[in-house]
Structures are given as structure tokens and as C-alpha cells.
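*Asks:*
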DNA sequence: ACCGGCATGTAACGGGTTACATGATTTT
DNA sequence: AAAATCATGTAACCCGTTACATGCCGGT
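Residue numbers (our numbering), protein chains in the order written: chain A, 4 to 180; chain B, 4 to 180.
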């Protein structure tokens, strides 16, 4: 499952430009399960267009640069359906923040607190972003995805708030076993 | 933060072989925030050894192949501390399962249910794995990491169980807004 | 005057995965 | 007899990120 599939999939939700697709997975409520940079999205759209899996229409905007609006074709729909037929690969996560917390012995307390606070702040931001009411009507399965993100972020925030002491208390009291 | 840093960091927890490091991030309680394959770990260890950031000792075992046990050197400790000084990059997640759920319109109900069930099962497995009591004494910050994983997995499982209907009910009843 | 947001792209570089190769031993 | 686990390693390949390049418009 590569970025081409991601772009194709995004376009089943409606027309969009490369810029908009990027925002969807960088800032939007769906940022928690996938993301991609311009350097992969624009070339992907180029190839999809070449293979006629999508169409492109240039749209002039006032006060802003033109944009290229892409839409999926029937052929693209078919290819997408085919690509989605295989079993999904297991999740791949890479969290440097958690790695640093895990390796906390090797960093000083000051920095550890910075990492912790930054991580917590990032979750609060993500939660806020995923929680802001959308203007559009949301389909049930998108609602499911959004709610899933909310649930995860909330759990993370709560846990971090309640267990900060485990990490940052100088007197490392241990729970009696 | 690359796999070399990961290996170096792992070795601050104690000596280990490449095989053991892989298991730590593939099966162990820390599988949720990072992982790496042999194809990256073995070369990484090779380079670290070449740079004298780690040492290697071959250990014969009965009934099993020999293994190469690596340990971090003072120089390695220094390099690690240095590498951990920068601000951690934001988390990178790639969940094909959630992407498929998000694109549920493009797959048939039967497969969607398979994806859902598989995803839920994988979370249950992970939770079980992260919850099994360790034989070793755990440092507070490792405890924090383990607890974090538990909290996230639990939240995911609960959410999925309670909202399966959002995704799989044929009668897509919507909540009144 | 400058910065941030909108908008599209490219090219080099690197990093890691996948697949292959090998082999002993234990479990089924 | 086959499959799974332990154990190490290599090499090709590919995908994606980073950084660069460009430019307009609106707000401060």
C-alpha cells in the first residue's frame, strides 16, 4: 500500500488537489493513521494521471495560485478496489518521543521533562484538531475513524497526566508488588 | 534517529544479540513505538562494532546456534547521549487497517468485517503481550512506557467493541445532529 | 518589509524492507 | 517428516523524505 493508493483513496471522498490531500493527512482528523509529504504525493498524482486512473482540471482562484484539481476515474476506482483486496499490513509506528522516554536513563531530567511536555502537548493539539466539528456531513465509517483517533488521543493524554510522576519524580518510589 | 541509535539504546538495558534486539521491538512490550527488521539491525550492529561503540562476544549455547552478544562501550554511551540531545521527531504512523476502514466505501462488507476483526484481534494480542508480568524488575520509566502501551491498546479495544456498529451495520443509522 | 499560507514541483540521497541464503535443533 | 524457533547475514530494490526551487497574495 503506497502513496499512489493513498491518493487514489483520498479522491474517492471527492476531488482534491495535491496540496489538499497532503493537508488531509498532515493536519486533518486523519493524520493519526497515515501521512505523506509533497515529495511523494505530487509524483504519485503525476503517475496516476499518466495511467488515466485520475483526471486533472486546472482551477484558477482569486487571490491564490491556481490549483490542479484531481478526480478519480472509473478505471481508477477499479484499480483501487483491486489494491484494497489484500490483507492490510500490520501497523508501523515510529515514535522517537517514546523511544527517548524508554531510554530516559541516558538523558538528563531537564530534557526528559521537555520531551514529556512536548509529547503531551502534541497529543492535546491532535485531540483538539480531531475534535473540532466538521462542516461537512460525515459518513459513518469516517466517523468511526475520527472517533478512534479521539479515543486514542484521550487515553494517551489521561495516561500521561496521571503517570507523569513515574517518569519525572526524583524520588523514584516504586509501587509495592 | 536511525536503527543504529535504536540498537545502541537497547544495549543500555543490558547485553543482547541482534536477534534479541529484534524480538524486543517486534514482540516485546515495546513493540508499539518502534520496530526494525534484521536487514537493518545486523548491519547497524556491524557498523557500531566497527566504530567501537559496542563490543562483541561470541557465546556458545547448547542445543542452539551460537550467538553474538553485544555490549555498549563508554564511547558508545557518549555517542548515544549526544544523539538523544535533539528534539524528537513527531510520531510516524502507518496503519493500513485504519486506511482501509477509512476507505470502507470501496471494499465489500464481508472484507471490511475481516479487516475489523483482524485489527481488533491484533490489539488484543498486543495488549496481552504488554500485560504479561515480566520476570525482571522494571525501572519506573520502562513501567511508564509499558503502561502507556496498555492504556492505548485498552482504549482502542474498548472503542472498537463499542462502535463496531458504526462501521458494519447495514442500516446506517445516523445520530441526529 | 517580512512572514506565513497557498500552491506545485524536482532531484538527490538515504534508509529500511523484502527476499534470499544457510543451518541446527526442537516441537508437532 | 514438516514446521517452527533460534540465529546470522547480504544485496537489490524501492519508496519516501529532505531540501531545494519558485512565486503570488494577504496580513502585521
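A virtual CB, placed ideally from N, CA and C, is assigned to each residue, including glycine.
The structure displayed is predicted, hence computed values, not measured ones.
1. Quick one: which chain A residues come within Cβ less than 7 Å of residue 146 (chain B)?
2. Count the C-beta pairs between the region 7-21 of chain B and the region 50-67 of chain B that are closer than 8 Å, then say yes if the count reaches three, no if not.
3. Given a limit of 8 Å on CB to CB distance, which residues of the region 44-78 of chain B reach chain A?
4. Quick one: does residue 162 (chain A) have its CB under 7 Å from some CB of chain B?
5. For residue 74 (chain B), which residues of its own chain have a beta-carbon under 7 Å away from its beta-carbon, when the five flanking residues on both sides are left out?
6. If we define contact as Cβ-Cβ less than 7 Å, is residue 97 (chain A) a contact residue for chain B?
7. Per DSSP, which one or two residues make a beta bridge with residue 19 (chain B)?
8. Which residue from A:128, A:103 and A:6 puts its Cα closest to that of residue 3 (chain A)?
9. Within 7 Å of any Cβ in chain A, is that where the Cβ of residue 119 (chain B) sits?
10. Express the C-alpha separation of residue 38 (chain A) and residue 132 (chain A) in angstroms, rounding to a whole number.
11. For a quick check, are the C-beta atoms of residue 105 (chain B) and residue 148 (chain A) less than 7 Å apart?
12. Shortest alpha-carbon distance to residue 76 (chain B) belongs to which of B:67, B:53, B:143 and B:69?
13. What is the C-beta distance between residue 103 (chain A) and residue 91 (chain B), in whole angstroms, given that I count them as a contact (C-beta under 8 Å)?
14. Look up residue 30 (chain A) in the DSSP assignment and say whether it is helix, strand or coil.
15. What are the residues that DSSP puts in a beta bridge with residue 64 (chain A)?
16. Count the other CB atoms, across all protein chains shown, that sit within 10 Å of the CB of residue 124 (chain B); report buried if there are 16 or more and exposed otherwise.
*Replies:* The answer reads as follows:
1. 169, listed in chain order.
2. When C-beta atoms of the region 7-21 of chain B are compared with those of the region 50-67 of chain B, three or more pairs fall below 8 Å, so the two segments count as touching.
3. For the region 44-78 of chain B, the set of residues with a beta-carbon nearer than 8 Å to any beta-carbon of chain A is empty.
4. Residue contact with chain B for residue 162 (chain A): present (Cβ-Cβ distance below 7 Å to some residue of chain B).
5. So the list reads 14, 18, 57 and 58, once near-sequence residues are dropped.
6. The C-beta of residue 97 (chain A) comes closer than 7 Å to at least one C-beta of chain B.
7. Residue 19 (chain B) pairs with B:73.
8. Summary: the structure shown does not reach residue 3 (chain A), with chain A confined to residues 4 through 180, and so no result is reported for it.
9. Residue 119 (chain B) does not count as touching chain A.
10. Cα-Cα distance, rounded: 15 Å.
11. Annotated as proximal: residue 105 (chain B) and residue 148 (chain A), with beta-carbon spacing under 7 Å.
12. If we check each option's Cα against that of residue 76 (chain B), B:53 comes out closest.
13. The C-beta distance from residue 103 (chain A) to residue 91 (chain B) rounds to 5 Å, short enough to fall under 8 Å.
14. It is coil, neither helix nor strand.
15. DSSP, once it has assigned bridges, lists A:67 as partnering residue 64 (chain A).
16. With a threshold of 16 other beta carbon atoms within 10 Å, residue 124 (chain B) falls short and is exposed.
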